[in-house]
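Student:
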Amino acid sequence: INQVLSQAIEDMAVQDTDYVEVLKLRFIEGLSINDVAEEMHYGEHHISRLQRSAIEQLVKILLGREREIKQKRADYLESLLPPPTYANLFGVDDLRRVLCEQLQAPEEPWVVALVGMGGLGKTAVTHSVTLELIKQLAISHLAWVRIDPPHSIRRQAELHHLNYNKYLNKFLGQLFPGESLPPLLTNQEVKLRQKLRSQPHLIVIDNLETEKDTAFLLNHLTELANPSKFLLTTRNRVGNQIAIREIRLDALGRGDSLALMRDHARIKGIREVADAPEPDLDRIYEQIGGNPYALKMVVDLLDLMTLDRLLDGLIQGHPQGVLEIYMHIFRQAWRTLSDNGRKLLRSMPMVSDSSDVEY
Numbered sequence: 014i015n016q017v018l019s020q021a022i023e024d025m026a027v028q029d030t031d032y033v034e035v036l037k038l039r040f041i042e043g044l045s046i047n048d049v050a051e052e053m054h055y056g057e058h059h060i061s062r063l064q065r066s067a068i069e070q071l072v073k074i075l076l077g078r079e080r081e082i083k084q085k086r087a088d089y090l091e092s093l094l095p096p097p098t099y100a101n102l103f104g105v106d107d108l109r110r111v112l113c114e115q116l117q118a119p120e121e122p123w124v125v126a127l128v129g130m131g132g133l134g135k136t137a138v139t140h141s142v143t144l145e146l147i148k149q150l151a152i153s154h155l156a157w158v159r160i161d162p163p164h165s166i167r168r169q170a171e172l173h174h175l176n177y178n179k180y181l182n183k184f185l186g187q188l189f190p191g192e193s194l195p196p197l198l199t200n201q202e203v204k205l206r207q208k209l210r211s212q213p214h215l216i217v218i219d220n221l222e223t224e225k226d227t228a229f230l231l232n233h234l235t236e237l238a239n240p241s242k243f244l245l246t247t248r249n250r251v252g253n254q255i256a257i258r259e260i261r262l263d264a265l266g267r268g269d270s271l272a273l274m275r276d277h278a279r280i281k282g283i284r285e286v287a288d289a290p291e292p293d294l295d296r297i298y299e300q301i302g303g304n305p306y307a308l309k310m311v312v313d314l315l316d317l318m319t320l321d322r323l324l325d326g327l328i329q330g331h332p333q334g335v336l337e338i339y340m341h342i343f344r345q346a347w348r349t350l351s352d353n354g355r356k357l358l359r360s361m362p363m364v365s366d367s368s369d370v371e372y
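First residue of the sequence shown: 14, per my numbering; consecutive thereafter.
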């Protein structure tokens, strides 16, 4: 503390040497107001005013230094986030507020799960909430781990048995960069638990897909939490428990869906969609619904084909479920590809996971 105060006093000397002299005589040498007045050849009332002003100035310097340190920390935490996948968000203001409140609360729930079907924007909402907490200086320690989807049925079957160890390695690698990690799983858990219990962290686990994987991981997270918190994105219901809170992300309503389509079209430079009359966009919404990813895909396709042609392709077969809707949209996208593009996509699932782009 003395070192911090001494550095602040040195900064103050640039502005007013009388402030520094008063503080040193009063609080370092321990002189009385009367003795300081005699030493500096001022009246006692003047010394009292100088002392009060000097302390106020010292507080300002310390607060400014504190803000600089926190801002540097915030800049560092922001660098840990993946690049944003969105330009603007629609229809999730209330949801973001609830998530921020849950993650800042110093009590349960320690694990918050954002649940929703694919394409609703779980990662985008999580990114925006985490960024907001960083900018508010509400968190000081962060790790973000994205779960890569399996590339084979065999690997998918192994997820709930093997991935917990992989997750631990990712957590430890971010929280202890450059350090050698314990080889045994139990020692890794101890190291991670000590870290997360000693200082509050926000740990984001993004893109949990399988139900078994989600359930297996949840069984271990509550042992690692408190005061640290976990924020998960998953497609699987987890249910509300004492330490776990499930928050649903639903599809967009009509107004937000149309606003999203226009915004995405403006970003992509597709003026025909950005300026399209509402009835045309309503026709898309009636077929697709409020899934943001699906709506963006449709807008991208409208740069390659007319609305009538696209809707004719979507209406054929009357898709009902989300998977069917995606299949219809992808089928339309497939028809826009060149022969070489189709050959490339057909061949990619047949190569090993370690193959590089050149191969």
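Virtual Cβ for every residue (Gly too), placed ideally from N, Cα, C. Keep in mind the model is a prediction, meaning the values are calculated, not measured.
Measuring CB to CB, does LEU38 end up less than 9 Å from MET53?
Tutor: Taking the sequence shown and counting its residues from 1, the one referred to as residue 38 is at position 25. Taking the sequence shown and counting its residues from 1, the one referred to as residue 53 is at position 40. Contact: yes.
Student: Have a look at GLN115 and ALA307 and give me their C-alpha separation to the nearest angstrom.
Tutor: Here residue 115 refers to the residue found at position 102 when the sequence shown is read from its first residue. Here residue 307 refers to the residue found at position 294 when the sequence shown is read from its first residue. Between GLN115 and ALA307, the C-alpha separation is close to 29 Å.
Student: Rounded to whole angstroms, how far is the Cβ of PRO122 from the Cβ of ALA21, which I believe are closer than 8 Å?
Tutor: Within the sequence shown, the letter at position 109 stands for residue 122. Within the sequence shown, the letter at position 8 stands for residue 21. Not a contact, Cβ separation roughly 40 Å.
Student: Give a yes or no on whether the C-beta atoms belonging to LEU90 and ILE147 are separated by under 9 Å.
Tutor: Sequence index remark: in the sequence shown, residue 90 carries index 77 (1-based). Sequence index remark: in the sequence shown, residue 147 carries index 134 (1-based). Pairing LEU90 with ILE147 gives a Cβ-Cβ distance under 9 Å.
Student: Are the beta-carbon atoms belonging to TRP157 and LEU93 less than 9 Å from one another?
Tutor: For the purposes of this step, residue 157 is identified with residue 144 of the sequence shown, where counting begins at 1. For the purposes of this step, residue 93 is identified with residue 80 of the sequence shown, where counting begins at 1. Yes, the pair counts as a contact, with Cβ atoms nearer than the cut-off.
Student: Less than 8 Å between the CB of ILE342 and some heavy atom of the ligand ZN, yes or no?
Tutor: Absence of the ligand ZN is noted for the structure shown, with no ligands found whatsoever.
Student: Only counting the same chain, and skipping five residues up and downstream in sequence, which positions put a Cβ closer than 8 Å to that of LEU205?
Tutor: By 1-based counting over the sequence shown, the position of residue 205 is 192. LEU181, PHE184, LEU185, LEU188 and LEU237, listed in sequence order.
Student: Taking the alpha-carbon positions, what's the ALA272 to ASN304 distance?
Tutor: Counted from its first residue, the sequence shown places residue 272 at position 259. Counted from its first residue, the sequence shown places residue 304 at position 291. Rounded to the nearest angstrom, the two C-alpha atoms are 13 Å apart.
Student: Is it true that the CB of ARG159 sits closer than 9 Å to the CB of ASP219?
Tutor: In the sequence shown, residue 219 corresponds to position 206, counting from 1. In the sequence shown, residue 159 corresponds to position 146, counting from 1. Against a cut-off of 9 Å, the Cβ pair of ARG159 and ASP219 comes out as a contact.
Student: Spell out a yes or no on whether the stretch 235 to 249 and the stretch 118 to 137 are touching, meaning 3 or more CB-CB pairs, one atom from each, closer than 8 Å.
Tutor: yes
Student: Thinking C-alpha only, which one of ARG267, ASP369 and ALA118 is nearest GLU291?
Tutor: Looking up residue 291 in the sequence shown gives position 278. Measuring from the Cα of GLU291, the nearest candidate turns out to be ARG267.
Student: Kindly list the residues whose CB is nearer than 6 Å to the CB of ARG279, restricted to its own chain and excluding five residues on each side of it in sequence; keep chain order.
Tutor: Your numbering for residue 279 matches position 266 in the sequence shown. Excluding sequence positions up to five before and after ARG279, its CB lies within less than 6 Å of the CB of ALA287, all in the same chain and listed in chain order.
Student: Measuring only the C-alpha atoms, how far is LEU194 from LEU76?
Tutor: Stepping through the sequence shown from its first residue, residue 194 is reached at position 181. Stepping through the sequence shown from its first residue, residue 76 is reached at position 63. Rounded to whole angstroms, LEU194 to LEU76 spans 37 Å at the Cα level.
Student: Note the first and the last residue of the continuous alpha helix (DSSP H) segment covering ARG267.
Tutor: Taking the sequence shown and counting its residues from 1, one reaches residue 267 at position 254. ARG267 -> alpha helix (DSSP H) spans 267 to 281.
Student: Answer with buried or exposed for SER141, where buried requires no fewer than 16 other C-beta atoms within 10 angstroms of its C-beta.
Tutor: For this step, residue 141 is matched to residue 128 along the sequence shown. With 16 or more other Cβ atoms inside 10 Å of its own Cβ, SER141 counts as buried.
Student: Along the chain, where does the alpha helix (DSSP H) containing ASP88 start, and where does it finish?
Tutor: Here residue 88 is taken as the residue at index 75 of the sequence shown, counted from 1. Looking at the DSSP string, the run of the alpha helix (DSSP H) that includes ASP88 is 57 to 92.
Student: Taking GLU224 as the reference, which of ILE68, GLN345, THR247 and ILE152 has the closest Cα?
Tutor: Along the sequence shown, read from residue 1 onward, the residue named residue 224 stands at position 211. That would be THR247, whose Cα lies nearest to the Cα of GLU224.
Student: Go through its chain and collect everything with a Cβ distance to ALA26's Cβ below 6 Å, but skip five positions before and after it.
Tutor: The count along the sequence shown starts at 1 and reaches residue 26 at position 13. Taken in chain order, the residues that qualify are VAL33.
Student: Just to confirm my understanding: we take VAL138, look at its own chain, exclude 5 residues before and 5 after, and list those with CB closer than 6 Å. What are they?
Tutor: The residue you call residue 138 lines up with position 125 of the sequence shown. Once the five neighbours on either side are set aside, the close Cβ partners of VAL138 are VAL105.
Student: Counting only the same chain and skipping the five closest in sequence on each side, list residues whose C-beta sits under 7 Å from that of SER165.
Tutor: If you number the sequence shown from 1, residue 165 lands on position 152. Bear in mind that the predicted position of SER165 carries a pLDDT of just 46, short of 50, making it unreliable; the figure below should be weighed with that in mind. Around SER165: no qualifying Cβ.
Student: Does the stretch 341 to 356 come within contact of the stretch 318 to 326, defined as at least 3 CB pairs closer than 8 Å?
Tutor: yes
Student: Within 10 angstroms of the Cβ of LYS73, are there 16 or more other Cβ atoms? Answer buried if so, exposed if not.
Tutor: For the purposes of this step, residue 73 is taken as the residue at position 60 of the sequence shown. By the neighbour-count rule (16 or more Cβ atoms within 10 Å), LYS73 is not buried but exposed.
Student: Just to confirm my understanding: we take VAL364, look at its own chain, exclude 5 residues before and 5 after, and list those with CB closer than 8 Å. What are they?
Tutor: Position 351 of the sequence shown, counting from 1, holds the residue named residue 364. TYR372, listed in sequence order.
Student: In whole angstroms, what is the alpha-carbon distance linking GLY134 and ASP316?
Tutor: To locate residue 134, count along the sequence shown from 1; it is residue 121. To locate residue 316, count along the sequence shown from 1; it is residue 303. Cα to Cα, GLY134 sits roughly 23 Å from ASP316.
Student: If you reduce the DSSP assignment to three classes, tell me which class ASP260 lands in.
Tutor: If you number the sequence shown from 1, residue 260 lands on position 247. The sequence as given places Ile at residue 260; Asp does not occur at that position. Note: ILE260 maps to strand in three-state DSSP.
Student: Distance, Cα to Cα, MET361 vs ARG355?
Tutor: Reading the sequence shown from its first residue, position 348 is the one you call residue 361. Reading the sequence shown from its first residue, position 342 is the one you call residue 355. Near 10 Å, if we compare the C-alpha coordinates of ARG355 and MET361.
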